[in-house]
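Numbered according to our numbering, the sequence shown spans residues 2 to 299. Beta carbons are placed, not taken as given, at the ideal position from N, Cα and C, and that holds for glycine. One structure is given here, and the rest of the page talks about it.
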Amino acid sequence: MSDAMISAVVAGEDVYGVAAVTTTVVQQAQRIHGACPTAAAALGRLLTGGALMGCLLKDPVHRVTLQVTCKGPVQKIHVEADGAGHVRGYVGQPVVDLPSRNGKLDVGGAVGRGVLYVIKDTGLDEPYSGAVPLVSGEIAEDLATYCVQSEQIPSAVSLGVFVRADHTVAAAGGFLIQFHATIAEDLIEHIERALAATPAATTMVQEGCTPQEMLQRALGGLPLQVLRHSTPMWACDCSHARVSQTLVALGTQELRQMVAEQQEAQVRCEFCTTEYVFAPQELVQLLHEALAADPGES
2 MSDAMISAVV AGEDVYGVAA VTTTVVQQAQ RIHGACPTAA AALGRLLTGG ALMGCLLKDP
62 VHRVTLQVTC KGPVQKIHVE ADGAGHVRGY VGQPVVDLPS RNGKLDVGGA VGRGVLYVIK
122 DTGLDEPYSG AVPLVSGEIA EDLATYCVQS EQIPSAVSLG VFVRADHTVA AAGGFLIQFH
182 ATIAEDLIEH IERALAATPA ATTMVQEGCT PQEMLQRALG GLPLQVLRHS TPMWACDCSH
242 ARVSQTLVAL GTQELRQMVA EQQEAQVRCE FCTTEYVFAP QELVQLLHEA LAADPGES
């Protein structure tokens, strides 16, 4: 099953769901960052969660940022996604591989205690931001907790990454179900029973389930109205021009120091690891731009 994603609503009810197969995206992330199995699983889960939350956005250009800062050996995980299915991310320490726990990758041990931050940029004057303490560090439970505590939306989240014995990602995906209004008790019980019987996300991906089939299993066969189909894709929008503006934003003091060293500067994108090189004369030009932007520093 190639990467795919859908959003849907249960017919006649305020129950929304998004589901995705993200195997290729997570494979790309592991390859780019050289991530060991446990770190790859932690990053892959948050990438999948980011893609799902991006799918809930109303406009393709709207963006969501998920950031985990933690005391575990991975230290941090940062993911950005948009409403068009583009996603990118990185993990603070990619060379983390802990012994398995109960036959599964110990993502919770790699993450440990910490905080999940969520920032949504939907074109308003100020982005919406929320934060919750990590409940388990397993990512899915933490995202569900964020939805309930920060957005007051009861949610069920399942995220998974399966890594082969050769340490490469074999399957990744997940689903997110949200209840946007009070629904009948018998319907709640039906969905709870279905969720309890639903296999792990990676099991369904390995069985060849489509995102729609994943949601149908999680919702116990309730009739779905598919709202949108999309394809999650790894995409980094860094460029020489963007990095130049980042250097200008550092301020004149920092740029003066770089110019004084009379050496080229190398800047590495944390998301895609692309390195940008700035010759001394380029740094001088960037200093002039910084001074023009802030005449008080001249």
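To which residues does DSSP link residue i through a beta bridge?
i: THR70; result: LYS77, VAL116
i: TYR17; result: VAL10, GLN179
i: MET1; result: Here the chain comprises residues numbered 2 to 299, so residue 1 is not present and cannot be evaluated.
i: VAL311; result: Outside the modelled stretch of the chain, which goes from 2 to 299, sits residue 311, for which no answer is possible.
i: SER151; result: DSSP lists no partner for SER151.
i: GLN226; result: VAL10
i: HIS276; result: At residue 276 the sequence reads Glu, which differs from the His that was named. ARG269, per the DSSP bridge assignment.
i: SER156; result: GLN179
Beta carbon of residue i, beta carbon of residue j: below 8 Å?
i: GLY90; j: ALA36; result: no
i: THR25; j: GLY174; result: no
i: LEU135; j: VAL112; result: yes
i: MET67; j: GLY50; result: Note on identity: in this sequence residue 67 is Leu, with Met being the wrong assignment. Going by C-beta atoms, LEU67 is nearer than 8 Å to GLY50.
i: ARG218; j: THR199; result: yes
i: LEU117; j: ALA141; result: no
i: LEU47; j: SER8; result: no
i: VAL149; j: VAL65; result: no
i: THR183; j: MET2; result: no
i: GLY93; j: LYS77; result: yes
i: LEU99; j: GLY110; result: yes
i: PRO38; j: VAL164; result: yes
i: VAL162; j: SER151; result: no
i: LEU188; j: GLU81; result: no
What number of angstroms, rounded off, separates the C-alpha of residue i from the C-alpha of residue j?
i: HIS87; j: ILE178; result: 21 Å
i: HIS168; j: THR146; result: 30 Å
i: VAL27; j: ALA40; result: 11 Å
i: ILE33; j: ASP107; result: 22 Å
i: VAL170; j: VAL97; result: 15 Å
i: VAL249; j: LEU287; result: 6 Å
i: GLN226; j: GLY18; result: 10 Å
i: VAL268; j: HIS289; result: 19 Å
i: GLY138; j: GLY115; result: 8 Å
i: GLU190; j: LEU220; result: 11 Å
i: PRO95; j: ALA21; result: 24 Å
i: VAL260; j: PHE272; result: 26 Å
i: HIS63; j: ARG229; result: 16 Å
Could you tell me whether any Cβ in chain C is nearer than 8 Å to the Cβ of residue i?
i: ALA197; result: The chain labelled as chain C is not found in the depicted structure, where only one protein chain is given.
So does residue i have its beta carbon nearer than 7 Å to some heavy atom of the ligand HEM?
i: SER101; result: Looking for the ligand HEM in the displayed structure turns up nothing, as the structure carries no ligands at all.
Touch test, the segment 224-239 against the segment 71-86, Cβ-Cβ under 8 Å, three pairs minimum: Contact between the segment 224-239 and the segment 71-86 is present: 3 or more CB-CB pairs across the two stretches fall below 8 Å.
Any 3 or more C-beta pairs closer than 8 Å across the segment 236-244 and the segment 269-280: yes
Entirely enclosed alpha helix (DSSP H) segments - the segment 38-64, minimum 4 residues: 38-56
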